Structure formats: C-alpha cells, structure tokens
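For the sequence shown, the positions run 4 to 585 when this note's numbering is used.
Here's the structure, in structure tokens; my notes come after.
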Amino acid sequence: MAGQHPEDDDSIVFLSITPGIAFNPENAKSGGLSDRPKKKWETKLLSDSLWNTIIVISCVIAVSLDPLFFYIPFIDKEKKCLGKDKTLRNVALILRSLTDVTFLVHIGYQIWEAGNKAYKAITRGKTMLKNNEMIPFAKKFAGYLSWRSFLTDLLAVLPMPQILVVVLFFKIKGEEYLQHIKVLNLFLLTQYLPRIFRIILSSKKLTNTRIRVKAVFNFFLYILASHVLGAFWYFFSVQRETSCWHRACERYTTNYTRCMSTFYCDDYSTERNITFFNEHCGVEFPEDKQPFNYGIFLDSLKNDGNTGDIDFPTKLCFSFWWGLRNLSNFGTNLTTSNYVWENFFAIIISITGVLLFVYLIGNVQTFIQLTTTKSEDIRQKIKTKEQVLEKWMEKNHVPENLKKEIMKNIRQKLEKDKDADLENLFDVLPWHTKKILKRHLCWDILSQVQFLKDMDEKVLKMICDYAMPVTFPEDKIIFRSGHPLDRMLFILEGTVFTYSTTSDPGRTGASPSIPTKQLGRGQAYGEELLMRASPNKPMVDVPTSTEFVKCHTKVEGFALSAKDLISVATKCRRWWNLNNDR
C-alpha cells in the first residue's frame, strides 16, 4: 500500500520484501559515493599506477627476451665452425625493438614533464622564455628531472645484446680473441643491472597489489632468473669450445692464422682439419682423459650437445632446466674447472639463488606478520562488537538461553566476515532465533497497547511474527499529515514527536510546526488501524494521518503494515477480540 504513494519516498523508511528484514536507508545512501566524479589528482594517481604497471611488465618482458640473443650462435659439430641462427636473430631483434618503445616513451615523458614544470616555474604565465632565463630554466629542469629513473631507463634501452651478440661476437678474430670475449661477457652481464634496477624501482610503487599477486610475481622472478642463467650457460658453453679451438691452434700448429681462417661457418672451407679439433677439443672422452677441461659446460657440449644446430625449443628447455636446478640448490652441485670466468659465473649463480631465497623468506615473513596483525585486528573487532551486542541484550532483558544462542550465531558470522553489519541484528540470525527474539522484544510493547490488552496470546504472537524491524535516523519524518496511515509503529528504542500543522493537512507543502505528544520506548503509534481491522469485514480504506510523526533521536522498533494486520485478523478470527467488535 505504501507503494501507491510515491510522494512518501522522502518521509518513511521502506521495509524489505524479505519478512523480518528492514531496509537501512543510511547504507543505501553511502552507495552513492562511488558514483561521484573523480577529481583530477585521483585520475593522475590512477594513471601513474597503471603506467608503473606497464613499466614493470615491459622490464620483465625485456629481461625475458634478451636471453634469446644468447641462443643465436651454435656449434656445427660436423664442420667444427661457429654458426648463426638467422631466424632467431630476426625474431629477437623485432621483439626487443617493440619493448624498447615503452622505455623510449617513458624517457620522453620524463623529459617533457620536467621541461613543462621548469617552463611554468620560470615564465609564470608568460608565453616565451627570455635569453636571460635560459640558465635558470636549465637549473629548474635539472632539479625537476628524476635522474635516477632517467639514467636507469637510458641504460636499459641501450642496444647491448643487438650490438655485442648479433654484430661484434661474429666479428672477433685474431690472437686477441680470448681477451675480447672476456670484455664482451663483462658488458653482457652488466647490461642486466639497469633493467633489474628498473623493475625494483617500479615494483616498489605498486603498493596496492594483492599479496597473491606479489607471491606470483616473486615466483616469476625465480623462473626468470633461471631462464637468464640458463641462457648465459648456453652462450658460455659455445665460447668454451671456440676458446679451445683457439688454444689448440696456438699450441699445436705453426700457422695460427690459417688454422682459424675458417672459424665461422660463413667462411667455411673444406681445408679445415676436423680431426685435429676432435683430437684436442673433443668431448666424447672419459672424464679422466678429457683433452680440455670444460667444467660446468661439459653437459651442454657432449652427446651432440645442446649447443649444436638443433631446434630452439629443445635447447631453451634444456638450458632453462639447468638454470632452475642449479639456482634451486645454490650451485652447490657445480664442479668447475680452474677457469676464472667459469668460477665467477658459478659464484653469480650461488649468490643469485641465495638472494632470491632470502627475498622469498622476507616476503613470507612479511605475509606472516600481516596475517598475525590482521588476525589480532579481527579478534579485537569481534570482541568490541560482542561487547556492544551484550550491552544491547542486557538492556532489552534478553533471556540467558536466547542470549547464548544469539552470541553463537554472531560469532560464526564474525568469523566468516569481520566487517559484517550488525546494525540490524535480524539480518544475521537464523529464522528460528529471529522469531523468538522478535516475540520477546515486541511482547512488552504489545501488552501496553490499549486495544490489545484483552487479546489472546496466539494473536499477539502472530503480530510479533508479522512485524518487521525498522531503523529511522534522527529528524526522519515517519508519517506525514494528509498521507495514508498504512502501518503501525512499535518503538523499541528512541523518541518521536507528533506535530500538528499550521495549514490544511491535505494541502501540498504542509509541514510540522507545534509538537503535541512525545512517544518513547515501549509505546506504539497508529492504533487507529486496530479499530479498522476486523476479521468479519474488509478494510475498505486506511485512515489518513492528521499529524506529522518525526524522530527526535535515532529510533529502533517494529512496523506492522495494514495489509499484514488484516492477515492476522483473518487467520486469528476465533481469538480476535477488540472493543469495537463487541
């Protein structure tokens, strides 16, 4: 019936269609905050967070792609020459160029942002810089530019793998080959530092990332390190065999230049002495009779080896497994030769494994601390809510057995959801407990209503079952003068005032003016409905309110609609007993 009067939307609290559960207007109003327009600074924060995420992803992808360059060289086992995988080279160059675009955009944005800030600070609204303002502008620009981030991006975008592996590695010749290779390796190792630092810088800004996402990211870093170390192992394995060729030519031939003239497969000649290289650099000998100590790179070279001209997925998976296995045990199973660079590489594997393990343990410890703190917060919140609820039950004289049942249900609810809304207790109680509590709370109020004093208990119990809990905020107008009085209100807590009006109650715009009566705990409003309700004749129309009813404080209670009251009267025909039916 209330739905027939849309003008009442601002004056009453509509009840839920679910029996026994009230609609809370305060909760509904709070939902509107999410639709407010975002302010400029909030939009900027969101875009910064998104851009940081893009940078982290770009760094991770770039670090994942760079090892592809290390798989470009391979050893032709039959011809004993160094070959080049041209297909892989082209793919790696294209993919690396795509990731570099992100860094170039970020570098350009940093320069533009610093220049824009410096320009505004110097010109202060003017359109052009003067000649004498160029030096102050440069100083401002240098101050606004984030040099750490800028230099990191600049170093990260340098085409080190493209130049060192694709170009220089296949151009190195002569007796200084081994020294040049060492310098090349040093640059290849150091080019990873700015990219890793870029990941650290950007990942620190991702403060709102979920713990599960961080855990996946940490695991991915472990996988990524295995991928990178496996690629270096493959690349260094190729170098160890070519180094053996150079040393064999130096020690066992008189013409070094001719011996190494067909070092690259592109320069291959049938005059190359394959037997000579198999004798001095072969890998198919027993371990105690190896002509050359390949150390930790032997597994990659023997049995036609991982470094041969085989499918790329095969060598990638084998190298990745080698990196993952040795990173997991901190390189303790590696048996190295006395070659300095080989031992240095083994040390890097061991240190990297330890650092990743320590980093993982640190994150686990942080997670445990957060979980412990969260559990303590949950316990405190549950304790506070239980104390408030116990005071409320004590105030309303809830029986001890019912109190235990309620607290049991509340604890179960809070353990599932510490933020559960207990503003309306009936939202969280099961049907049976809710029914008993409603009867307990309503009974004393109903017994005070004049027309219900002689009513049978069965009728009063049914009225309690039909009544629905409601909550009204302070200053809320519950009934308006001139509007249908389509429900009764039983006050459990709070105070309401009734007001007369200075104008015709039926006119639009009538407002409360003079308080006439005060109603409080244990009292009811709308008794006129009881006089209209009869099991013998239908209620043709509900009475019209002749006064305003307004909350003086927050009001908690129960509401019984006219429709439900008719249902009670009809079902309890035998026990319905009102003065106006006598």
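We treat Cβ as the ideally placed atom computed from N, Cα and C, and that holds for glycine.
Predicted model only: the values in this text are computed from it and were never measured.
How big is the Cα-Cα spacing for residue i and residue j?
i	j	result
D507	G485	Only weak support is given to the placement of D507: the predicted model assigns it a pLDDT of 47, under 50, and the question is left unresolved by the model.
M665	K557	This structure cannot settle anything about residue 665, because the visible part of the chain is limited to 4 through 585.
F266	F360	42 Å
L532	W434	28 Å
T46	L68	Reliability fails at T46, whose pLDDT of 41 lies under 50, so the model's placement of it is uncertain and the value that follows must be treated cautiously. Roughly 33 Å separates the two Cα atoms.
L444	D380	32 Å
Q383	F429	23 Å
S299	S240	A small correction: the amino acid at residue 299 is Ile; Ser does not occupy that position in the sequence shown. Answer to the nearest angstrom: the Cα atoms are 9 Å apart.
K411	P472	21 Å
Y180	S61	35 Å
R490	G529	7 Å
F190	S322	21 Å
L522	C554	10 Å
C575	S378	51 Å
V365	V59	In the sequence as presented, Val is not what sits at residue 365; that position holds Gly. So the alpha carbons of these two residues sit roughly 21 Å apart.
S570	K479	29 Å
G146	Q194	27 Å
P162	V168	10 Å
G6	T387	Unreliable positioning characterises G6 in this predicted model, as indicated by a pLDDT of 37, which lies under 50. A coordinate reading is not provided.
R535	L432	34 Å
Q526	F493	6 Å
K566	E389	36 Å
Y225	N346	22 Å
N341	G86	28 Å
T374	N329	32 Å
I448	K464	12 Å
L568	Y469	8 Å
K416	S564	30 Å
N276	D270	14 Å
I517	T501	8 Å
T474	R524	14 Å
I199	A349	20 Å
F144	A65	29 Å
L319	K142	49 Å
L2	I413	The question about residue 2 has no answer here: the residues shown for the chain are numbered 4 through 585.
K406	I439	11 Å
K174	F279	24 Å
S450	E477	27 Å
E376	D88	Rather than Glu, the amino acid found at residue 376 in this sequence is Thr. Using only the alpha carbons, I get a separation of about 55 Å.
Which residues does DSSP pair with residue i in a beta bridge?
i	result
I78	L85
S564	R490
T547	P487
V104	Note: V104 sits in no beta bridge, so no partner.
V552	F482, T501
Y528	L492
V558	F475
Since I believe residue j is in contact with residue i (beta carbons under 8 Å), could you give me their beta-carbon distance rounded to a whole number of angstroms?
i	j	result
F172	P76	7 Å
W578	K441	Actually they do not touch by this definition, with Cβ atoms about 19 Å apart.
A228	P197	Their Cβ separation, rounded to whole angstroms, is 16 Å, which puts A228 and P197 out of contact at 8 Å.
R243	Y297	5 Å
K185	W324	27 Å between Cβ atoms; not a contact.
T436	E393	Rounded, the Cβ-Cβ distance is 16 Å, inconsistent with contact.
Y122	F106	Not really, about 24 Å apart at Cβ, beyond 8 Å.
A117	L157	About 14 Å separates the two Cβ atoms, so there is no contact after all.
Is any heavy atom in the ligand HEM found nearer than 8 Å to the beta carbon of residue i?
i	result
P546	Inclusion of the ligand HEM in the displayed structure is not the case, the ligand content being empty and no account of it being possible.
Quick test of the definition: if touching needs 3 or more C-beta pairs under 8 Å, does the region 239-257 touch the region 279-295? yes
Count the C-beta pairs between the region 249-258 and the region 196-205 that are closer than 8 Å, then say yes if the count reaches three, no if not. no
Enumerated in chain order, which unbroken segments of the beta strand (DSSP E) with a length of 3 residues or greater are wholly contained in the region 452-524? 471-475, 480-482, 490-496, 499-504, 515-522
With three or more C-beta pairs closer than 8 Å as the rule, is the region 80-91 touching the region 110-119? no
Three or more beta-carbon pairs under 8 Å between the region 299-313 and the region 217-235, yes or no? no
Residue ranges of each alpha helix (DSSP H) run of no fewer than 4 residues wholly in the region 232-281, ordered along the chain? 259-262
Assess, as a yes-or-no matter, whether the region 546-563 is touched by the region 468-485 under the definition of 3 or more beta carbon pairs within less than 8 Å. yes
When you compare the region 344-359 with the region 321-334, are there three or more beta-carbon pairs, one atom per stretch, that lie closer than 8 Å? yes
Pairing CB atoms from the region 369-379 with CB atoms from the region 399-406, are three or more of them under 8 Å? no
Pairing CB atoms from the region 93-107 with CB atoms from the region 228-240, are three or more of them under 8 Å? no
Contact between the region 559-573 and the region 489-501 is defined here as three or more beta-carbon pairs at a separation below 8 Å; is this criterion met? yes
So, do the region 123-134 and the region 100-109 have three or more beta carbon pairs nearer to each other than 8 Å? no
Please give the ranges of any alpha helix (DSSP H) in the region 171-210, keeping only runs that are unbroken, at least 4 residues long and fully inside the region. 180-193, 195-207
Ignoring anything shorter than 4 residues or poking outside the region 373-443, list the alpha helix (DSSP H) runs there in chain order. 403-419
Would you mind listing the alpha helix (DSSP H) stretches within the region 130-155 that are 4+ residues and don't spill past its ends, in chain order? 137-147
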